[in-house]
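Residue numbers (this note's numbering), protein chains in the order written: chain A, 1 to 245; chain B, 1 to 285; chain C, 1 to 252; chain D, 1 to 294; chain E, 1 to 373.
Just so it is clear, CB atoms sit at the ideal spot from N, CA and C, and this is done for glycine as well.
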Ligand SMILES: Nc1ncnc2c1ncn2[C@@H]1O[C@H](COP(=O)(O)OP(=O)(O)OP(=O)(O)O)[C@@H](O)[C@H]1O
Ligand SMILES: Nc1ncnc2c1ncn2[C@@H]1O[C@H](COP(=O)(O)OP(=O)(O)OP(=O)(O)O)[C@@H](O)[C@H]1O
Ligand SMILES: [Mg+2]
Ligand SMILES: [Mg+2]
């Protein structure tokens with residue numbers, strides 16, 4: 001469904017992503033892993049149009065979307081979350097998710113409509129499933145670190161994407177919250193036939209849900225395949241996993 | 001909590017002022033009510049949407065020039081010229097608002113200021129239309145219809161003003177709020193031009209914007225009656241203090257500093273706090 | 001347990017009207033590694049911020065080496081020998097990696113004059129002084145990045161920089177808030193070994209961490225927080241060994 | 001085709017105006033950049049600088065070197081006043097809503113300028129050009145007063161000094177870090193509140209110095225503060241609020257637009273300035289060289 | 001008996017306070033002197049001064065308050081050309097005599113604005129512009145340039161100057177006109193642009209503290225040398241206040257004007273007035289603006305005496321064609337446009353060993369009667 005061909009990006013001579021090629025099949029859960037600074041976030045930014053690649057192409061459902069702006073991509077069904085949280089800190093948790101629904105489904109221009117009522121039920125349901133139902137009225141900027149990560153996941157889901165890119169979705173979440181989030185993600189993937197691509201440094205998460213792994217190192221793909229294969233790859237063990245995983 | 005019916009009470013109290021008879025206080029009341037309308041329109045924006053406009057006087061000025069010019073040069077009656085003030089100011093607010101509301105916080109304040117200064121300069125320089133720095137003196141006596149009853153007596157005029165004020169209870173939404181705020185500021189300006197019997201470029205100058213901001217703050221931002229209280233307080237203060245000293249800016253500045261540190265909620269906020277405290281004491285007693 | 005160098009007694013902290021901590025008490029002895037555990041939003045960060053003077057507690061007392069530091073501004077707490085690694089990294093985005101480190105290096109700068117309150121004399125001066133070289137040894141990746149702007153670093157690189165930056169202040173007590181977040185498994189392992197090494201060298205550590213394996217490997221003692229209060233305290237070994245207890249406290 | 005020596009003279013006068021405005025606007029921009037407060041009262045510090053310079057010249061008398069002494073003394077006095085105001089009042093405003101900050105600084109304008117009126121009255125005051133610099137040069141057929149030349153050189157000098165301090169010294173690093181994240185810097189052991197005071201003192205010094213240095217070329221009158229603050233706002237908005245080189249660039253653009261604007265559209269050059277400001281705000285609200293605020 | 005109350009809205013803050021403040025003191029001196037002599041019609045005078053902040057609607061607000069709350073019988077005051085007409089509307093509405101002693105705009109008494117209660121005892125823009133033209137016409141120059149603020153007063157006085165000059169000396173050519181905005185602080189670009197047109201003489205209407213700023217910058221750029229001091233500054237560019245504040249920096253050798261000058265002393269009445277004012281203001285070189293307030297009050301009081309009443313309608317009638325002896329000479333309010341034939345003092349500035357600042361020397365009163373129209 002999503003294909004990346006020969007994607008390359010450098011900053012002032014420093015090559016962050018170089019010649020990356022891989023594909024994500026529809027309905028699959030794939031993960032990109034790799035050491036810090038390998039270029040995962042940069043790759044995400046290239047795919048979602050936040051950065052312009054020096055070279056290479058991104059195709060979505062056969063259509064070239066290399067130079068499409070982020071908000072247009074969003075309308076084409078690509079949703080994402082950020083490694084560092086990206087929420088509306090002054091709005092309440094409820095309003096955050098509601099705003100995402102309004103942006104996505106429209107209704108934003110109907111200024112005089114009583115805004116409070118729009119997408120009320122969907123918002124409540126979504127908050128319930130990301131475990132924030134009890135905090136709906138709190139100001140988002142005042143949530144704890146983990147709480148903000150939960151909210152951000154909620155925002156990405158509210159955009160009802162076809163393909164979802166998550167950058168370290170469970171970093172900072174406690175074990176319990178992590179488990180709930182994984183369950184939620186799996187359920188939504190199953191129910192909506194969503195395609196998921198994510199990065200993560202928590203190997204338990206990666207190995208429990210990913211069906212495919214792509215390993216990046218110094219901007220290049222060094223391994224690509226089923227989790228078990230990748231886990232056994234000596235190069236991957238050497239640069240990333242270490243001996244214990 | 002039992003709700004006090006403030007709105008009808010305020011209306012009744014407001015209507016009593018001219019009935020009480022003093023021509024001077026009717027004038028003051030007019031002044032207060034017009035500024036209250038102006039401040040309320042600003043509050044619509046600041047209080048409800050959190051956007052601080054530093055150029056709100058622009059719309060006040062547009063409204064004032066609109067009625068002033070229509071009544072003086074086109075000899076239109078008040079009933080046509082007055083709504084035109086609101087419409088034209090609203091139209092300008094829409095035009096500027098499209099750009100402004102995309103910005104946040106300080107940039108929003110700056111862009112509104114830039115637009116306002118722009119309009120001020122137009123008013124100042126376009127002497128053929130606006131009379132330049134001399135403004136338009138002698139806005140004609142106000143006739144409600146052609147040949148209809150005169151609104152020139154401050155009393156009759158006052159009712160119109162008071163009624164327009166009560167009608168401002170509108171809801172938020174940024175661009176809509178911006179346009180509505182602009183339109184109401186325009187109406188206030190239209191009334192003020194007539195009341196003042198003259199329109200001057202100063203109406204759109206940034207110091208006017210800050211004056212009305214101070215009123216809003218003084219009364220209490222975000223509360224519906226705050227700006228009205230603020231307008232009343234500031235005008236009465238001004239009137240009292242200027243007859244004693246020429247150092248009014250000093251006094252105003254000091255009051256403002258005290259207010260910002262002591263009662264950030266404004267007079268309305270202070271009243272609420274005092275009220276809560278008094279009730280608390282009553283209850284604990 | 002040895003005499004505590006940090007003692008927190010009956011700490012109550014609120015953000016505006018919303019109360020977060022309800023009487024947290026804890027102690028940390030010199031050279032010890034103590035870990036705060038708990039689900040998201042229970043108040044781990046708030047406890048650390050209160051100790052650091054970044055959030056003023058409504059009630060309670062914080063004692064550091066016998067001196068009451070409750071209500072001190074953060075910079076004095078830092079000058080007194082506490083170092084804080086915030087969970088959200090807070091890199092100075094416009095400064096280069098090297099400048100980020102330099103800002104934190106402890107020299108008496110002329111702009112931070114003494115405030116009249118003498119800094120409590122450390123009982124045993126920290127044996128090792130941190131320098132740029134030493135933190136680069138700890139995180140070799142940072143050495144290559146020294147000239148890059150902080151804001152351009154990847155998430156994990158920023159995490160390394162945050163830890164390194166705090167170390168540059170030569171703290172005697174290190175408050176680590178989720179140090180392993182966003183780090184690659186190999187780096188986490190390396191960090192764990194390094195922290196263990198620091199501990200052996202006499203550094204005292206208070207750690208908040210979601211990675212239980214990481215924290216239990218390091219901690220001597222553990223406090224488990226729940227809804228702003230201490231639910232459990234005891235030696236780390238008890239949690240390590242007792243799976244039902246772990247499940248009970250941390251839903252693991 | 002206009003006479004080249006005239007074009008030269010015109011660009012020099014634009015440049016002089018730019019360097020002078022830079023002197024004022026850099027303080028404004030510094031305060032905004034670090035303290036995140038848009039200080040309306042900065043223009044009033046400028047006015048106080050001019051009055052203080054006048055007063056000191058009265059006391060010191062005219063003579064070689066006296067003016068410079070007076071100018072420095074005036075700037076120092078204004079800096080001290082700035083420090084006092086920061087310590088007593090300003091610091092309670094950090095992190096509050098912009099509206100409160102704006103209104104507070106506006107209140108300061110009212111109080112300070114009215115106080116100046118109580119002290120110095122409404123009569124305009126005037127300071128002579130220092131005897132060392134009463135002459136003028138003729139370059140390419142254009143007359144350049146030597147005093148203007150001084151301002152012309154002072155601007156870049158201050159810019160360079162600023163750049164050096166900000167980029168190359170530890171204090172500068174503290175200042176840049178404080179602009180980004182005050183709390184974290186404090187937790188690293190830096191007394192940010194003292195740092196803020198010093199930044200404020202420095203900015204007030206620059207404002208006061210601007211006023212003192214301009215006094216030989218302008219009358220010192222009530223109201224000169226609001227006049228200049230609007231110009232300084234335009235400059236920092238064009239260049240980028242809080243951006244140091246942005247302020248420099250903004251001042252350069254402003255000076256040239258005014259200088260040549262009066263030739264292109266004689267009575268409407270002031271529109272050109274506002275149009276430019278509005279355009280910048282619409283297209284790049286954070287200014288040409290600034291960066292967006294979070 | 002109740003005093004006769006006179007209300008005076010006038011700027012006491014902002015840049016025009018420079019003029020408003022001494023003018024109000026001049027009026028006050030007159031009131032005190034009159035009261036010391038027993039008042040008018042056996043009643044004391046009471047002057048209520050209010051700060052109009054140089055803002056038209058504030059002036060209106062103050063005027064209304066004075067009329068409605070303080071029950072004043074007359075208004076004397078206002079300064080800017082926005083305030084004057086604005087308060088005039090209030091005076092008309094309230095049927096109260098209003099004497100404007102300072103505003104110059106022709107609009108104040110233009111046919112469509114004129115009403116029975118408004119009178120002006122200041123020179124208007126026509127008088128001022130034409131007086132300057134009379135002087136410039138005598139200079140051996142043909143290339144003339146103008147420098148004025150781009151607002152009503154600047155435009156009007158410049159137009160009056162240009163039109164009259166062309167009429168009395170058709171050979172004159174206006175080679176350049178610069179219009180800095182009101183309150184401009186940096187004249188360098190305007191001066192450069194103007195000098196590039198090589199004028200032989202310059203007319204300026206930049207006033208007050210702004211003239212100080214302008215002339216400093218012009219002097220540094222060598223303007224006065226280049227035009228060989230063929231320079232005339234109206235807008236009271238040569239008042240003792242201005243020359244005093246600049247001292248030796250003042251461009252000596254140019255022409256300027258002033259409503260009054262303590263050193264004029266042509267008549268005994270003026271010498272006496274100056275001595276009294278000097279004592280009253282405790283100033284060795286008393287302000288030249290005081291006389292505006294003084295004569296404004298003087299006209300009012302003479303009219304009250306003539307009408308033998310404080311009724312505004314009667315006093316207004318009495319003012320028509322009234323001639324009084326002011327410290328600066330006899331003056332008459334014309335019936336036609338309620339305008340006094342007030343001229344100004346003009347002269348070429350020069351240092352005088354008696355004073356530490358330049359004065360106009362010789363200084364002459366230019367009587368406008370013959371070119372008022
Ligand atoms: N704008 C930039 N300018 C310069 N270098 C950059 C820029 N953005 C990223 N980099 C560098 O590119 C490299 C890749 O960064 P990226 O954020 O993609 O890493 P990552 O794989 O997501 O790492 P992590 O797991 O730590 O988040 C890093 O070394 C980073 O410092
Ligand atoms: N600035 C704030 N204003 C109001 N409430 C806040 C603020 N910061 C945190 N809180 C609330 O305080 C509680 C404790 O937050 P804290 O950050 O201490 O949790 P934590 O244990 O560190 O969680 P996490 O593991 O997610 O980082 C949370 O419920 C949070 O919503
Ligand atoms: Mg990343
Ligand atoms: Mg936390």
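Straight-line gap, residue i to residue j (C-alpha atoms, nearest Å)
i	j	result
residue 128(E)	residue 127(D)	30 angstroms
residue 233(D)	residue 101(B)	20 angstroms
residue 72(A)	residue 60(A)	13 angstroms
residue 74(E)	residue 312(E)	7 angstroms
residue 235(B)	residue 186(B)	20 angstroms
residue 56(C)	residue 71(C)	6 angstroms
residue 82(D)	residue 94(B)	41 angstroms
residue 240(E)	residue 167(D)	52 angstroms
residue 25(B)	residue 43(E)	29 angstroms
residue 175(B)	residue 269(D)	31 angstroms
Chain D contact residues for residue i, given Cβ-Cβ distances below 9 angstroms
i	result
residue 94(C)	176, 177, 179, 180 and 291
Any non-hydrogen atom of ligand 4 within 7 angstroms of residue i CB
i	result
residue 227(C)	no
residue 44(C)	yes
Amino acids of chain D, ordered along the chain, whose beta-carbon sits closer than 8 angstroms to that of residue i
i	result
residue 74(C)	183, 186 and 187
Proximity test, residue i beta-carbon vs ligand 1 heavy atom, cut-off 7 angstroms
i	result
residue 210(A)	no
8 angstroms Cβ cut-off: residues of chain B touching residue i
i	result
residue 57(E)	192, 196, 198, 200, 202 and 203
Proximal chain D residues relative to residue i, where beta-carbon distance stays under 7 angstroms
i	result
residue 217(E)	217
residue 121(B)	270, 271 and 274
Bridge-paired residues (DSSP) for residue i
i	result
residue 226(C)	229(C)
Residue i: contacting residues in chain E (beta-carbon distance under 9 angstroms)
i	result
residue 263(D)	189 and 193
heavy atom of ligand 2 below 7 angstroms from residue i C-beta
i	result
residue 143(A)	yes
residue 16(C)	yes
residue 211(C)	no
Distance cut-off 7 angstroms: residue i Cβ against heavy atoms of ligand 3
i	result
residue 125(B)	no
Residue i at chain C interface by Cβ criterion, 8 angstroms
i	result
residue 136(A)	no
residue 91(D)	no
residue 201(D)	no
Residues that residue i contacts on chain C, provided the C-beta gap is smaller than 7 angstroms
i	result
residue 1(A)	Chain C residues near residue 1(A): none, gap ~26 angstroms exceeds 7 angstroms.
residue 192(D)	75
Contact with chain E by residue i, beta-carbon distance below 8 angstroms
i	result
residue 149(B)	Only weak support is given to the placement of residue 149(B): the predicted model assigns it a pLDDT of 38, under 50, and the question is left unresolved by the model.
Any chain B beta carbon closer than 8 angstroms to residue i
i	result
residue 282(D)	yes
Interface partners of residue i on chain E, CB under 8 angstroms
i	result
residue 3(D)	196
Amino acids of chain C, ordered along the chain, whose beta-carbon sits closer than 8 angstroms to that of residue i
i	result
residue 140(A)	The premise fails here: residue 140(A) is roughly 13 angstroms from chain C at the closest Cβ pair, so nothing lies under 8 angstroms.
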